[in-house]
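Convert by adding 35 to the 1-based position in the sequence shown; the result is the number in the working numbering. The beta-carbon is built from N, C-alpha and C at its ideal position, and this holds for glycine as well. Computed from a prediction, not measured in an experiment: that's the story for all the values here. Here the structure is laid out as structure tokens; the discussion comes afterwards.
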Amino acid sequence: YINTEYLYFSTKYVIIRKFSIYINPKACKNSNMKKTILFISIISLFSISFAQTIVSTEIENKNIVLEEFTGMHCVNCPQGHAIAQSIKDANPNDVFLINIHTGSYATPLEGEPDFRTNFGNEIALQAEVSSYPSGSVNRHFFEGMSQSGTGTAMERNYWETATNQILEQESYVNIAVESEIDVQTREITIHVEAYYTGDSPESTNYLNIALLQNNTLGPQSGGGAGNEYIHMHRLVHLITNQWGEEISPTSSGTFINQTYTYTIPLDYREVPVKLVNMEVVAFISETHQEIITGNACMPTFTNFEYSNDANLLSINNPTIICGTSLYPIIDIQNMGSNEITSIEIDYSINSGTVETYNFIGSILPLHTQEIILSEIHFIPENTNTLEIAINQDDNEINNSQILTFEKSLEAINTIYLDILTDNYGSELSWEISGNEGIVASGGPYINGSQVQINESFNLPNGCYVFSIEDAYDDGISPTGHVFLTDSEGLNLMNYPTGDYGTGDQVLFSTANDVNISETGKNEIIIYPNPVNNIINIDFIETENYKVSIYNVLGKTIKSQLFINTKKATINANNLEAGIYFIKIETEKSIIIKQISLI
């Protein structure tokens, strides 16, 4: 006999949450064994088919769907994003965000990505959005909080209050969602279940499935990230169309079980889609307006071509390098079905000594990890080649990358800046920055007449960036000019008619105007760099050396003489963290190198 508990009935489904089976041993002994096995098999199949559900059948409070109306040219929208995220962080399992790019602030300029959808305008019109950012909490009208007085859109300072009110309300329906993406076909399968613990006031409800994309880099006014702003919870598609699909009946005990399939395109409005960043939000509304509750999930991934496939996606170092060493920066994407926990990475510059870096960590399938490799030293040439390869896996096609980079301009320490503005000096600003931050800057200047700027800088040995910007994006052409030179007349930046558009920058290094032996440079090895407490210096030849350490202001911190040796060791324990320069003098040459002290 079968004892069942917790039965839920609807017109289509019977859900049995618990049952037990008792079989009389004597009956089994005297019965046909085949019939007994068949009986047990049927009962097992019955339990698998009907007992496994993902939705709760207990009475729960409502969850929140916060639809935020936003745009990349909205200065205050990043603050709206932060407020919405803080509400979600406080209620991670009960609040779900949908960012809808719509309105004039979402209209892209030439060359900008288009984050809009075919659905956003209608949702914003229904909510009666009048300013940005604004948001609807469960598309519910809150007296005294509405932007228009009649719509559901509210200013950002009301979102938390509205959320807290809804979270305290009992829901007559629960919803759960799960999904998976086939990485070969890009097909997403979404499974949604809903269970009515009470009666809806509407005989017909609507099931909505929203597809979102996270971690999209793009422009954003405000927020301080420029074109590298991270856009989250961005609506890209409504799988159930503009207002959802009808659900009926909506009475207590109704169980809804729906599965959707949809092939995710390579892009939406030419904005590339990364499968790993997709998110699904499901919610139920009474009409096209009031949302009762919602839920969300991050898809899982299936059908990988390889089990172990580390893809060396990119080398992220700049194409102009200052100095004689660098820390290679790479992105590795896991394209296999197994988690990556370790990788052996080989790298070299200009076919020199091969260095090996052993990565230990965790990279989940389809996720990307930035890795900063250990410092590698090299002798700069006009054109240099950085080669990186990872160890063998199931797919060797994507295991290597090459970056070609140039060495920076080499200037004498005294730098001259000559700028003649146009009549709109308030648009112009410039700065020189080094390892220690900004060392010189200027602007904005006055409007109405041209301004002549003549500056000179005596920069300590090191690497520097000179940047100039125009707020109106038109430079100072044709009446102005920009010249940046060193004391030997080397042109670091040369705009005789000031036509630099939005701005420009140049990377350069400085060194004292002394006879520095190129051979001597190659025969000196300083390690480690960055330095912790001990500086080691190896020389190729046995000779007398005077070693001096000075800071970025040119002040000598320590000086020591080494007689008839090939090795020097200096204690740096008493030095503060920062950038220093080591000056090594012999009878033949003077060598200057930069170090970092941590």
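{"Query": "Residue nearest to methionine 180 in terms of C-alpha spacing, selected from Pro531, Pro254, Met189", "Result": "Met189"}
{"Query": "6 Å CB neighbourhood of threonine 294 in its chain, flanking five on each side removed", "Result": "His226"}
{"Query": "Segment limits, alpha helix (DSSP H) that includes glycine 115", "Result": "112-125"}
{"Query": "Between the CA atoms of tyrosine 341 and aspartate 429 - distance to the nearest angstrom", "Result": "6 Å"}
{"Query": "Spatially closest choice to threonine 322 from Gly538, Ala506, Tyr615, Gln161, by CA coordinates", "Result": "Gln161"}
{"Query": "Valine 566 burial status per 10 Å Cβ neighbour count (16 or more: buried)", "Result": "buried"}
{"Query": "Contacts around asparagine 568, its chain only, beta-carbon distance under 8 Å, and the 5 residues preceding and following it disregarded", "Result": "Asn606, Ala607, Asn608"}
{"Query": "Beta-carbon proximity list for proline 60, same chain, < 8 Å, skipping 5 on both sides", "Result": "Bear in mind that a pLDDT of 48 at proline 60, under 50, signals an unreliable position, so the number given afterwards is only what the model happens to contain. So the list is empty, once near-sequence residues are dropped."}
{"Query": "Reduced DSSP category for glutamine 293 - H, G, I as helix; E, B as strand; rest coil", "Result": "strand"}
{"Query": "Buried/exposed call for arginine 174, threshold 16 Cβ in 10 Å", "Result": "buried"}
{"Query": "In DSSP terms, what aspartate 217 is bridged to", "Result": "Thr337"}
{"Query": "Same chain only: Cβ atoms within 6 Å of tyrosine 230, ignoring 5 sequence neighbours per side", "Result": "Val90, Thr92, Asn209, Phe290"}
{"Query": "Glutamine 248 burial status per 10 Å Cβ neighbour count (16 or more: buried)", "Result": "buried"}
{"Query": "Three-state class that DSSP yields for glutamate 157 in the structure shown", "Result": "helix"}
{"Query": "In DSSP terms, what valine 500 is bridged to", "Result": "Ser468, Leu542"}
{"Query": "Proximal residues to serine 461 (C-beta, below 6 Å), its chain only, five neighbours per side dropped", "Result": "Pro479, Asn482"}
{"Query": "Assigned secondary structure, alanine 162 (DSSP; H/G/I helix, E/B strand, else coil)", "Result": "helix"}
{"Query": "Neighbourhood of phenylalanine 394 by C-beta, 7 Å cutoff - its chain only, sequence neighbours within 5 removed", "Result": "Ser377, Ile378, Ile380, Ile406"}
{"Query": "Where threonine 198 sits in the DSSP three-state scheme", "Result": "helix"}
{"Query": "Cβ-based neighbour list, glutamate 222, same chain, cut-off 8 Å, excluding 5 preceding and 5 following", "Result": "Ile216, Thr296, Tyr297, Thr298, Ile299"}
{"Query": "Span of the beta strand (DSSP E), counted from its first residue to its last, around threonine 227", "Result": "Note that residue 227 is valine in the sequence shown here, rather than threonine. Residues 222-231."}
{"Query": "For isoleucine 481, the first and last residue of its enclosing beta strand (DSSP E)", "Result": "Neither: isoleucine 481 is in no beta strand (DSSP E) and is coded neither H nor E."}
{"Query": "CB of isoleucine 315 within 8 Å of CB of valine 212, strictly", "Result": "Note that residue 315 is valine in the sequence shown here, rather than isoleucine. Yes, the pair counts as a contact, with Cβ atoms nearer than the cut-off."}
{"Query": "Closest Cα partner of threonine 591 within the set Lys581, Pro531, Ile384, Gln485", "Result": "Lys581"}
{"Query": "Alpha-carbon spacing of leucine 596 relative to asparagine 564, whole angstroms", "Result": "22 Å"}
{"Query": "As assigned by DSSP and simplified to three states, the class of glycine 460", "Result": "helix"}
{"Query": "Any non-hydrogen atom of the ligand NAP closer than 7 Å to leucine 101 Cβ", "Result": "The ligand content of the structure shown is nil, which means the ligand NAP is not present either."}
{"Query": "Burial state of glutamine 427, where buried means 16 or more other Cβ atoms lie within 10 Å", "Result": "exposed"}
{"Query": "Of the listed residues Lys97, Val110, His108, nearest to asparagine 128 (C-alpha basis)", "Result": "Lys97"}
{"Query": "Contacts around isoleucine 77, its chain only, beta-carbon distance under 8 Å, and the 5 residues preceding and following it disregarded", "Result": "Confidence at isoleucine 77 is low in this model, with a pLDDT of 44, below 50, so the placement of that residue should be treated as unreliable; the coordinate-derived value is given next. Closer than 8 Å at the Cβ level, and outside the excluded window around isoleucine 77, lies no residue."}
{"Query": "Option nearest valine 172 by Cα separation, candidates Met313, Trp194, Asn434, Phe154", "Result": "Trp194"}
{"Query": "Alpha helix (DSSP H) runs contained entirely in the region 339-402, provided each spans 4 or more residues", "Result": "none"}
{"Query": "Rounded separation between histidine 268 and alanine 159 - CA only", "Result": "17 Å"}
{"Query": "Residue nearest to threonine 692 in terms of C-alpha spacing, selected from Gly371, Asn385, Thr285, Gly387", "Result": "Missing from the structure shown is residue 692; the chain here goes from 36 to 633 and no further."}
{"Query": "Residue range of the unbroken beta strand (DSSP E) whose run includes aspartate 650", "Result": "Nothing about residue 650 can be read from this structure; the chain reaches only from 36 to 633."}
{"Query": "Contacts around asparagine 312, its chain only, beta-carbon distance under 6 Å, and the 5 residues preceding and following it disregarded", "Result": "Gln248, Asn249, Asn250"}
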